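See structure below.
Residue numbers (the numbering used here): 12 to 401.
The following block contains the structure:
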C-alpha cells in the first residue's frame, strides 16, 4: 500500500494545496493521501484570528474532498504540544507496518531538512516526495539531495507540477478586506465567512448572490434598493457602512417562507414567539432571518439586531437599527403617500424620521384592522421621549 503524507498548517487550505495533492496522488500512484494539518507547526506561528484546530480540520475536509484517495487526519491537531513530523510518521508506521510511505514537501523544506527534529527517524520510515515548482528546481537542490542520499540513505523522488501562485498570507489579508480570493475553493470560502476567522468579511457581490438565491425574484429589487439606501444613510449619519450593507442584503433572507416554514425555523433556532408573532409570517421573518444570517454567514451581534428589529422596531434602537428600519421603509422602490416627505426628513433628522415612519406604519396597520405589535408601540414612545429631551 502506497501512502502519501501531506502536512502543513493549511491556514487556510487553498487551490495550490489541492493542486499539489492531486499531482502527488497521480505521480506517485498513491492508494491513500493523508492530509495532516498541524496544530502548532514548529517553524511558524499561526496568524491571529486563525480557526480552532477542529475548524481547520473542517476547512481541510472541504478543500480536499475532490482529491481522489485523500483523507484528513486530526492526529496532529489532537496533540497539545508542537507537532513534529518524526512523531507523526512513527505513529503512522505503527498503524500501517507494511505500507510504503511518501512524505510530501517543497524544495524549500528539503534544503533545510537536516535541521528538522529527528529527521533520521523520518528517513527510516518514509521516502521524500519533493514538489518541483519550476523547471530547474532539481538542479538547485541537487547538493541537498546528494547529501541526504549519500549520508543518510534517503529515498527521494520528485513530483513535478505547474505551481499555482497562492499565498495563505495574501489570502488572509484579502479576506479581511472583504475580497473573495479566486484561489479559495468555494466551500472553504463560505465556511470561513460563517466562522468569521482571519477577520474575514463577506465580499458584497458574493453575499448578494447568496441572499438573492433565497428570495422570490420580485423581492430582489427591494433588497437592492434597501442596501443602497442603508449605505447612504449610514454614511450620512455615521453608522458602520459595511454593517449597514450586510444587514440590508440579508434583512429579508427568509421573507419568502410561509407561516409553517417560519415556525419550523423558530423551533430550530429556539425562538420564542408571542401570540401575534406566531400567527404572522411577516413578523417572524425578521426573527428567523436574523438567526439564519448568524448561522449561515456568521453576522455580528450588531448586524443580527439590525435584521431582527427591521420590521417592528424596539425601544432603545441603535443607530444601525434605525438605518436599516428606515432604509427598508423608504428605499427607491417604495411608493406610498408621504414617502417623499419621509425620505427628506431622513436626510435632516433621522430620529424625527423614525417617529414619522412608526406613526405612518401604525396608522396603516390600524386602517386594516390590525393591532400594532407592542414592540412598535414601545419604539414610538421611546423615540418621542428622545426628541422631547433633546
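For glycine and all other residues, C-beta sits at the position ideal for the given N, C-alpha and C.
Quick caveat: nothing in here was measured; it's all calculated off a predicted structure.
{"Item": "Identity of the residue in 190, 254, 278 and 389 nearest residue 310 by Cα", "Value": "254"}
{"Item": "Uninterrupted alpha helix (DSSP H) stretches inside the region 220-271 (no shorter than 4 residues)", "Value": "231-248 and 252-261"}
{"Item": "Where the beta strand (DSSP E) through residue 288 begins and ends", "Value": "Segment 286-289 is the alpha helix (DSSP H) holding residue 288; no beta strand (DSSP E) there."}
{"Item": "Residue 170 - partner residues in DSSP beta bridges", "Value": "142"}
{"Item": "Delimiting residues of the beta strand (DSSP E) encompassing residue 111", "Value": "111-117"}
{"Item": "Cβ-Cβ distance between residue 31 and residue 172 below 8 angstroms", "Value": "yes"}
{"Item": "Extent of the continuous beta strand (DSSP E) to which residue 47 belongs", "Value": "43-48"}
{"Item": "Residue burial classification, residue 379 (beta-carbon count within 10 angstroms, cutoff 16)", "Value": "exposed"}
{"Item": "Residue 23 vs residue 218 beta-carbon contact at 8 angstroms", "Value": "no"}
{"Item": "Beta carbon of residue 113 nearer than 8 angstroms to that of residue 137", "Value": "yes"}
{"Item": "Coarse secondary structure for residue 201, derived from DSSP in three states", "Value": "helix"}
{"Item": "Beta-carbon gap between residue 120 and residue 84 smaller than 8 angstroms", "Value": "no"}
{"Item": "One or two residues paired with residue 19 in a DSSP bridge", "Value": "48"}
{"Item": "Close Cβ partners of residue 251 (< 8 angstroms) along its chain, the five nearest in sequence each way excluded", "Value": "245, 313 and 331"}
{"Item": "Opening and closing residue of the alpha helix (DSSP H) in which residue 319 lies", "Value": "312-319"}
{"Item": "Three-way DSSP call (helix, strand, coil) for residue 90 in this model", "Value": "coil"}
{"Item": "Range of the contiguous beta strand (DSSP E) that encloses residue 83", "Value": "81-83"}
{"Item": "Reduced DSSP secondary structure (H/G/I, E/B, other) of residue 13", "Value": "strand"}
{"Item": "Residue 270 burial status per 10 Å Cβ neighbour count (16 or more: buried)", "Value": "exposed"}
{"Item": "Identity of the residue in 99, 51, 100 and 44 nearest residue 75 by Cα", "Value": "44"}
{"Item": "Residue interval of the alpha helix (DSSP H) (run including residue 154)", "Value": "153-163"}
{"Item": "Among 319, 292, 291 and 290, nearest to residue 303 - alpha-carbon criterion", "Value": "319"}
{"Item": "Any 3 or more C-beta pairs closer than 8 angstroms across the region 322-336 and the region 274-281", "Value": "no"}
{"Item": "Cβ-Cβ distance between residue 196 and residue 73 below 8 angstroms", "Value": "yes"}
{"Item": "Start and end residues, alpha helix (DSSP H) containing residue 408", "Value": "Residue 408 lies beyond the residue range present for the chain, which begins at 12 and ends at 401; the question has no answer from this structure."}
{"Item": "Buried versus exposed, by CB contacts within 10 Å (16 or more), residue 305", "Value": "buried"}
{"Item": "Any beta strand (DSSP E) of 3 or more consecutive residues that is wholly inside the region 301-374", "Value": "none"}
{"Item": "Segment limits, alpha helix (DSSP H) that includes residue 29", "Value": "26-38"}
{"Item": "Buried versus exposed call for residue 178 [16 or more other C-beta atoms within 10 Å across all chains shown]", "Value": "exposed"}
{"Item": "Proximity below 8 angstroms, CB of residue 66 to CB of residue 206", "Value": "yes"}
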